[in-house]
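Notes follow the structure.
Number of protein chains: 2
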Amino acid sequence: MAPIVPDGLFAIINFLSSSLKRIYKKGVGMNMEPINLKKLASLLHLSISTVSKALRDSHEISADTKKRVMDLARELNYEPNPYAGSLRKFKSKTIAVVVPDIINNFFIFAIKGIQETAHAKGYHVLIYITNENPEYEKDVVRHMTNGRVDGVVISLTSPIDDTEHLMHLQEKGVPVVFFDRVAEGFDSTIITTNNYESAYNGTRYLIEQGCRRIAHCQVSDKISIGIDRLNGYKKALEDAGIEVRPEWILTSKKDSAHDATLIENALLQKNAPDGLFTSVETHALITYDICRKHKIDMPGKLKLLSFSNMPTAHLLKPSLSTITQPAFEIGQAAVQQLILALEKPARYIPEKVNMDSVLIERESTGK
Amino acid sequence: MAPIVPDGLFAIINFLSSSLKRIYKKGVGMNMEPINLKKLASLLHLSISTVSKALRDSHEISADTKKRVMDLARELNYEPNPYAGSLRKFKSKTIAVVVPDIINNFFIFAIKGIQETAHAKGYHVLIYITNENPEYEKDVVRHMTNGRVDGVVISLTSPIDDTEHLMHLQEKGVPVVFFDRVAEGFDSTIITTNNYESAYNGTRYLIEQGCRRIAHCQVSDKISIGIDRLNGYKKALEDAGIEVRPEWILTSKKDSAHDATLIENALLQKNAPDGLFTSVETHALITYDICRKHKIDMPGKLKLLSFSNMPTAHLLKPSLSTITQPAFEIGQAAVQQLILALEKPARYIPEKVNMDSVLIERESTGK
DNA sequence: CCTTCTCCCGGCAACGTTTCCGTAATTAAT
DNA sequence: ATTAATTACGGAAACGTTGCCGGGAGAAGG
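Protein chains in written order, with the numbering used here: chain F, -6 to 360; chain A, -6 to 360.
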């Protein structure tokens, strides 16, 4: 069927272009010639478009041609160049996940949920850790308008009123899904937990456990969860007729050494708090260290409650009472919503999903 | 300077093509027209190649032309399409990190190190979690020959003798750097810790603490660290004249329920172990739960030592003695080596980096 | 005045796909 | 038998870049 002479010529031509490419690409190396549609087409004596359509199982191609093409493609381990397709189709099958921190079990589990469902749907996941640095977040987000990612799942480190970089992203047609640390005024999906109620219930629980001087350590006064949780804390105190004392509202500076002295000073003052409600698990751990250092009896002298997804909370001494968020499910839901926005924009209606956290009583609150 | 009529015409033409593109791309939406080199060129009455060169600060372009171009690019928030460049240049400025698990502080810190240094060097990071599934790892790795990533940093879940998928990757010219769970026979950088010595010293330490019936729980008998650590464990027993009992070598089935009963049965048999040396922190946590459930006194009846990077090890009850690996530094080193291989292939010599873990004595071993 | 050189810029091909279109050959409908 | 429809394939443009050329204008040197 295939004429001999042209094949020989093809072989020579291919060899030449092969070695040229090799030099151009790597200088030296054992890497074989890249195999692409053109290569498959020439080996099969078909056109590039026919091969392309055959591989995509197009109805325009006969059954046995498809088989020939697919067999050869499998044999040669053909892998389509994703960037060529992306360039043509304006979609990369890639999403970005942007988180403030990774040494935090909440984000770990969320990332796991994100990654798992994204991969199940055929998406690749680029990960960006902002290290609580708003400038870095802006920088990263601004560069996402270039088509590298089809959509973004983000938990903010920027203040709630400083999100024009995300507005810009949205205007450029890149869907954004927020989770946990969210923004307002966006026509996009926002996935949170019931922060206000959790903080309210947590604070009230501390009161019920006998605390009257309850401090709160928040991660920031400029992000959504910081505000919501603070408000829940305040309202619970008010409802119990307990004065809200500003000096007992500790605000993290995102520097663990600073935070440690902040908490330490608060706990060592005269008439010190008898209850502490922390918003992130690292602050709870810092508190453990402080209590050990200064021999503060927990839960005797100080009761501690923290938002946390630590797998070791029940093994600590004393075991840590926690408000635990459904982190994994949040990650899953975020990606599901994002992919819906990407693939069925008509059926996508941005929604505010609000999931419930669960309060787990343990020894640190005198259980 | 610029003639008025042509500009007006351009505007009309641009508007038309804009609305057309909008319909083609999204159907509907507030997204503006994408801005690319062609657009910049037409606005500036320059050629595409001139604009391209100006943006890359080429010496072929005059200073004021560069300024005009860059000013407009900044004003319009021009972002070069990364995939077009990747297609042209055969490099994506993207690396993949493949890890078996993410609910494991070792990998968390490693990922942090990887991500941080990769971004510092201008690389993007795709993350793949294999969930200890070799088939999934193979699937993922096989699809990495298509140019999506320039290189791969991997900690294996596949058995040490089943790595042809990685061979294939290397043959295709994609550099691979292994860390922690590594493979043999590859001409590439391998970053490990001194697993044999750590296991030897850890086991000897347990002996010194009075243990005579020491069990070892390994993550797998088919991966590098499993083998090395087991051998260190065995050697330490032999050197102390203690018999190595096969039934005390527990091998994880990568299913936490199964592992729990495995360890539970081992600890409940008559003449049970008085020491346990676990290779991953999850097994240590399982052991804590078992001890609590069955009221096994730790460290009285059972001493526990584990490889672990848990930030809460010192806060557990009892605090956990650990062998802690320099996870963050491993991640850093892995990426540094990979980028060296990518950018200075001439100066890159694959090496076997071996870092030291540190044994931290705490209460779980009777400190 | 002619040559040579430098400076600046534009044209064009190429990267690997996808997809719109055209068309030849075969089959079905009239 | 002529036309219409269908099947199966190829040609070519396009996606947004980069980089090799080539060339015109002006300056410098003879």
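Each residue gets a CB set at the ideal place from its N, CA and C atoms; glycine is no exception.
Are there 16 or more other CB atoms within 10 angstroms of the CB of residue i, so buried, or fewer, so exposed?
| i | result |
| --- | --- |
| residue -1 of chain A | Annotation note: pLDDT 36 at residue -1 of chain A (below 50); position unreliable, coordinate value reported separately. Result: exposed. |
| residue 40 of chain F | exposed |
| residue 160 of chain F | exposed |
| residue 143 of chain A | buried |
| residue 16 of chain F | Low confidence applies here, because residue 16 of chain F scores a pLDDT of 32, under 50, leaving its location unreliable; read the following figure in that light. Classification for residue 16 of chain F: exposed. |
| residue 357 of chain A | buried |
| residue 340 of chain F | exposed |
| residue 238 of chain F | exposed |
| residue 316 of chain F | buried |
| residue 254 of chain A | exposed |
| residue 117 of chain F | buried |
| residue 361 of chain F | Limits of chain F in this structure are -6 at one end and 360 at the other, which puts residue 361 of chain F out of reach. |
| residue 105 of chain A | buried |
| residue 266 of chain F | buried |
| residue 209 of chain F | buried |
| residue 36 of chain A | buried |
| residue 249 of chain A | exposed |
| residue 56 of chain F | exposed |
| residue 342 of chain A | exposed |
| residue 360 of chain F | exposed |
| residue 130 of chain F | buried |
| residue 261 of chain F | exposed |
| residue 93 of chain A | buried |
| residue 338 of chain A | exposed |
| residue 115 of chain A | exposed |
Report the CB separation of residue i from residue j in whole angstroms; it is logged as a contact under 8 Å.
| i | j | result |
| --- | --- | --- |
| residue 147 of chain A | residue 91 of chain A | 4 Å |
| residue 294 of chain F | residue 204 of chain F | So it is not a contact: roughly 11 Å between Cβ atoms. |
| residue 80 of chain A | residue 28 of chain A | 19 Å between Cβ atoms; not a contact. |
| residue 150 of chain A | residue 190 of chain A | In fact, because the Cβ distance is near 24 Å, the residues do not count as touching under 8 Å. |
| residue 72 of chain A | residue 138 of chain F | 5 Å |
| residue 272 of chain F | residue 211 of chain F | 5 Å |
| residue 268 of chain F | residue 206 of chain F | 7 Å |
Which residues bound the beta strand (DSSP E) around residue i?
| i | result |
| --- | --- |
| residue 284 of chain F | Taken as a continuous stretch (DSSP letters only), residue 284 of chain F belongs to no beta strand (DSSP E), being part of the alpha helix (DSSP H) at 274 to 286. |
| residue 299 of chain F | 296 to 300 |
| residue 144 of chain A | 144 to 147 |
| residue 308 of chain F | Segment: none, residue 308 of chain F is in no beta strand (DSSP E) and carries neither H nor E. |
| residue 316 of chain A | 314 to 317 |
| residue 345 of chain F | 345 to 348 |
| residue 89 of chain F | 87 to 92 |
| residue 363 of chain F | The question about residue 363 of chain F has no answer here: the residues shown for chain F are numbered -6 through 360. |
| residue 208 of chain A | 207 to 211 |
| residue 353 of chain F | 351 to 353 |
Between which two residues does the alpha helix (DSSP H) carrying residue i extend?
| i | result |
| --- | --- |
| residue 360 of chain A | It is not in any alpha helix (DSSP H) - residue 360 of chain A carries neither H nor E in the DSSP assignment. |
| residue 339 of chain A | Neither: residue 339 of chain A is in no alpha helix (DSSP H) and is coded neither H nor E. |
| residue 219 of chain F | 217 to 232 |
| residue 105 of chain F | 98 to 113 |
| residue 244 of chain F | It is not in any alpha helix (DSSP H) - residue 244 of chain F instead sits in the beta strand (DSSP E) that spans 242 to 244. |
| residue 43 of chain F | 41 to 48 |
| residue 258 of chain A | 249 to 261 |
| residue 269 of chain F | No alpha helix (DSSP H) contains residue 269 of chain F, which is instead part of the beta strand (DSSP E) from 268 to 271. |
| residue 133 of chain F | 127 to 135 |
| residue 62 of chain F | 56 to 68 |
| residue 78 of chain A | 75 to 82 |
| residue 35 of chain A | 30 to 37 |
Are there any heavy atoms of the ligand ZN lying less than 7 Å away from the beta-carbon of residue i, as far as the coordinates show?
| i | result |
| --- | --- |
| residue 146 of chain F | What this structure holds is no ligand at all, so the ligand ZN is not there to describe. |
Next on the checklist: Three or more C-beta pairs under 8 Å: does that hold for the stretch 208 to 222 of chain A against the stretch 171 to 181 of chain A?
Outcome noted: yes
Item to check | At least three beta-carbon pairs within less than 8 Å, the stretch 228 to 240 of chain A to the stretch 191 to 199 of chain A | outcome: yes
Checklist entry - Can you find at least 3 beta carbon pairs, one from the stretch 323 to 343 of chain A and one from the stretch 173 to 187 of chain A, that sit closer than 8 Å? => result yes
Item to check | Cβ contact (3+ pairs, closer than 8 Å) linking the stretch 132 to 142 of chain A and the stretch 342 to 355 of chain A | outcome: no
Checklist entry - Which residue spans inside the stretch 138 to 202 of chain A form an unbroken alpha helix (DSSP H) run of at least 4? => result 157 to 164, 188 to 201
Next on the checklist: Below 8 Å, how does it come out for the stretch 268 to 277 of chain A and the stretch 300 to 307 of chain A: are there three or more Cβ pairs, yes or no?
Outcome noted: yes
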